[in-house]
Amino acid sequence: MFDAFRLCNPLPAAFSSSQSATSPEQPSPSKRRRSSSSVQHQAGAGSPQAAVPPAPRGLPLEKLGDAPLRCIIVGHNPSDHAWASGHCYSNPTNRLWPILRETGIAPPDEIAGAQDDDKMPKVAGVGFTDVGSGHPGTDSSQFTSQDFEQWRPGFYSRLAKQAERASAAIPGCTCSSCGAPVVVAFSGKRQFQELFARAATKSRNAQAVLPPALAPVAAVESAGCQTRLPVLQERRPSRMDTGRQWILPAGWPLPLHTEVWVLTSTSGAAPMTREQRIAPWQALAQRLTAEAWPRQCVARCIELQPRGQQHAVTGHAAFTVAPTLSACIGLAGDAACSAVTSLAAAAAANPLVGIIIAALLCVAVAVGGLTAAASLGWLGRRPAFSYLMQSKQRFEQDKEEQAQPVETEQFW
C-alpha cells in the first residue's frame with residue numbers, strides 16, 4: 126500500500142535532494158553531535174590520558190619561609206591567573222604589588238612585582254598565604270561559608286607550623302611561639318570574618334565573656350608597661366573596620382601578642398578610590414617600620430604563659446634556688462665562726478693585736494653593710510628582681526580575681 130502511495134504521489138525534487146543530503150552516509154546535525162560525543166566518550170574510556178586531564182601549574186599553599194617574619198599577608202583564595210602563573214596576586218588588575226612598592230612594604234629596588242613573591246620572606250620579612258589556598262577561582266562569591274569552615278583547619282595549621290619553624294632557631298624557646306609573626310594582615314574583610322564560627326548578632330550591645338587569663342586588658346610585665354591584649358570569641362563582630370583587630374576568632378592559632386590587621390581589598394573589582402584603598406596599607410607600613418629586619422627574636426615563653434603558670438614557674442625557680450643559698454650561707458657561717466675563734470685566741474695572747482682586729486672587723490662590717498645596701502638598691506630597680514619580689518602579691522590578687530565574677534567589656 127505504501128508503495129502504491131509513493132507511486133501515486135511522487136516527492137518534489139527539492140525534498141528528494143534534501144533527503145539525499147541527510148543520507149546515512151552523512152547524518153543530521155543532531156545525530157552528528159550525539160555520535161561525536163559518544164565517540165569521544167568511548168575514546169576517553171579507553172585512554173588513561175584523556176580520562177585524567179593534565180593538572181595546571183598551581184600555586185603553593187604558602188610562601189612563608191622558615192624565619193621569624195614581620196608580616197604575613199592573607200588572601201581570600203588564589204585567582205585563576207595566580208593559579209596559572211604560580212605567583213601571588215599576579216592578576217594585572219590586582220593592585221597589591223604597586224601598593225606594596227609605593228608604601229615601602231616591598232623594597233622597590235629589589236621587588237619588581239608578582240614574579241618576585243618568592244623573595245619577599247627573605248628580603249622584606251613578608252610572607253603570603255590564603256585562607257582558601259589550593260582552591261582557585263577569580264569569582265570569590267562562588268565560595269560559601271561552608272567552604273571557609275572546611276578551609277579553616279588547614280589555614281590555622283599553616284600559621285602554627287610556620288611559627289613553630291621560626292621558633293626552632295630561637296635559643297631557649299620551648300613554646301614554639303616566640304618566632305610568631307609580628308602582624309598577620311588580611312587583604313580584605315571577608316576572609317577574616319568567615320573565620321568566626323557564628324554569624325554576627327543583631328544586637329549592638331553584645332558582650333564578649335572570656336576567662337580571666339584572656340582578659341581584654343592584661344598586665345604584661347614586659348618593659349614595665351601594660352599592654353592591651355585581644356579577646357577570642359566565636360561570634361562575628363557586628364562591625365569591623367580596617368586596622369588592628371581586638372576581637373579574634375576562637376581557636377586562633379598564634380599568640381595574642383601577634384597583631385591581626387584587616388586591610389582593604391586590592392582586587393580591581395572592589396569599588397573604592399585610590400586614597401581609600403591605600404590608606405590602611407600605609408598605616409601597616411608605618412607599623413612595620415618599627416620592626417627591624419632581620420628580626421632579633423628572644424625567648425619570651427614566660428610572658429606568653431597565663432599569669433598563674435608564670436607564678437608556678439617563678440615559684441619553682443625560687444624554691445630551687447633557696448636550698449642552694451641556704452647551704453652557701455651555712456658554709457660561710459661555719460668559716461666565719463672558725464676565723465673568729467682563731468682571732469679571739471690571738472687577741473687573748475696579745476691585747477694590742479685584739480684592738481687592731483676589733484677595728485678591722487668594724488671597718489669590714491661597715492663596708493659590707495654599705496655594699497649590701499647598694500646592691501639591694503640596684504637589684505630593686507631591675508625588672509626581673511622586681512618581678513620575683515612581687516610574684517606572691519600578684520598570685521594572691523589572681524586568686525581573688527578568679528573568685529569574683531568576670532566583668533565583661535563592650536567593644537562596639
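When we follow the numbering used here, the leftmost residue of the sequence shown carries the number 126, and every step to the right adds one. Glycine included, each C-beta is placed from N, C-alpha and C at the ideal position. Predicted model, so just to flag it, every value in this text is computed and none were measured.
Spatially closest choice to residue i from the options, by CA coordinates
i: Asn219; options: Val248, Gly279, Val478 and Gly313; result: Gly313
i: Val385; options: Gln271, Leu413, Glu400 and Gln267; result: Leu413
i: Gln240; options: Asn216, Thr263 and Gly262; result: Asn216
i: Asn394; options: Thr263, Gly259 and Gly190; result: Going by the sequence as given, residue 394 is Ala instead of Asn. Nearest of Thr263, Gly259 and Gly190 to Ala394, Cα basis: Thr263.
i: Pro374; options: Val356, Phe268 and Leu388; result: Val356
i: Ile197; options: Ser266, Pro278, Glu274 and Gly304; result: Gly304
i: Glu400; options: Asp191, Ile224 and Leu486; result: Ile224
i: Pro203; options: Ala192, Gln267, Asp191 and Gly250; result: Gln267
i: Val199; options: Ser265, Asp243, Leu388 and Cys487; result: Leu388
i: Gly238; options: Arg226, Val488, Pro278 and Leu194; result: Arg226
i: Ala192; options: Lys247, Ile236 and Asp242; result: Lys247
N- and C-terminal bounds of the alpha helix (DSSP H) containing residue i
i: Leu221; result: Leu221 to Thr228
i: Thr278; result: In the sequence under discussion, the amino acid at residue 278 is Pro, which differs from the Thr named in the question. Segment Ser270 to Ser292, the alpha helix (DSSP H) holding Pro278.
i: Leu409; result: Arg399 to Leu413
i: Pro246; result: Met245 to Val248
i: Ser205; result: Checking the displayed sequence, the identity of residue 205 turns out to be Asp instead of Ser. That run of the alpha helix (DSSP H) goes Asp205 to Ser210.
i: Arg323; result: Neither: Arg323 is in no alpha helix (DSSP H) and is coded neither H nor E.
C-alpha distance - residue i paired with residue j, whole-angstrom precision
i: Pro380; j: Val492; result: 49 Å
i: Val307; j: Asp205; result: 30 Å
i: Ser270; j: Trp377; result: 18 Å
i: Met245; j: Arg402; result: 22 Å
i: Val423; j: Thr383; result: 15 Å
i: Glu289; j: Ala209; result: 30 Å
i: Pro261; j: Gly211; result: 11 Å
i: Ser605; j: Leu221; result: Here the chain covers residues 126 to 537 and nothing more, so residue 605 does not appear.
i: Val309; j: Ser301; result: 17 Å
i: Gly259; j: Met397; result: 28 Å
i: Pro476; j: Gly297; result: 59 Å
i: Phe273; j: Leu320; result: 7 Å
i: Arg425; j: Thr496; result: 32 Å
i: Asp242; j: Ala285; result: 21 Å
i: Val488; j: Gly494; result: 10 Å
i: Ile480; j: Val490; result: 16 Å
Chain-order list of residues whose beta-carbon lies under 6 Å from that of residue i (same chain, five-residue window excluded)
i: Arg283; result: Glu187 and Thr254
i: Trp276; result: Val256 and Gly257
i: Thr228; result: Trp406, Gln407 and Ala410
i: Gln287; result: Leu189
i: Gln316; result: His201 and Val256
i: Ser390; result: Gly313
i: Leu194; result: Gly250, Gly252 and Pro306
Span of the beta strand (DSSP E) around residue i
i: Trp386; result: Glu384 to Val387
i: Phe311; result: Val308 to Phe311
i: Thr358; result: Rather than Thr, the amino acid found at residue 358 in this sequence is Gln. Unbroken beta strand (DSSP E) run through Gln358: Val356 to Gln358.
i: Phe253; result: Val251 to Asp255
7 Å Cβ shell around residue i - same chain, five flanking residues per side excluded
i: Arg323; result: Glu359, Arg360 and Arg361
i: Ala207; result: Leu184, Cys213, Tyr214, Ser215 and Asn216
i: Tyr281; result: Gly376 and Pro378
i: Ala348; result: Bear in mind that a pLDDT of 38 at Ala348, under 50, signals an unreliable position, so the number given afterwards is only what the model happens to contain. Once the five neighbours on either side are set aside, Ala348 has no close Cβ partner at all.
i: Gln318; result: Arg361 and Met365
Just checking, does the segment 361 to 373 make contact with the segment 293 to 303 on the three C-beta pairs under 8 Å criterion?
no
Taking contact to mean at least 3 C-beta pairs separated by less than 8 Å, is the segment 231 to 238 in contact with the segment 403 to 417?
no
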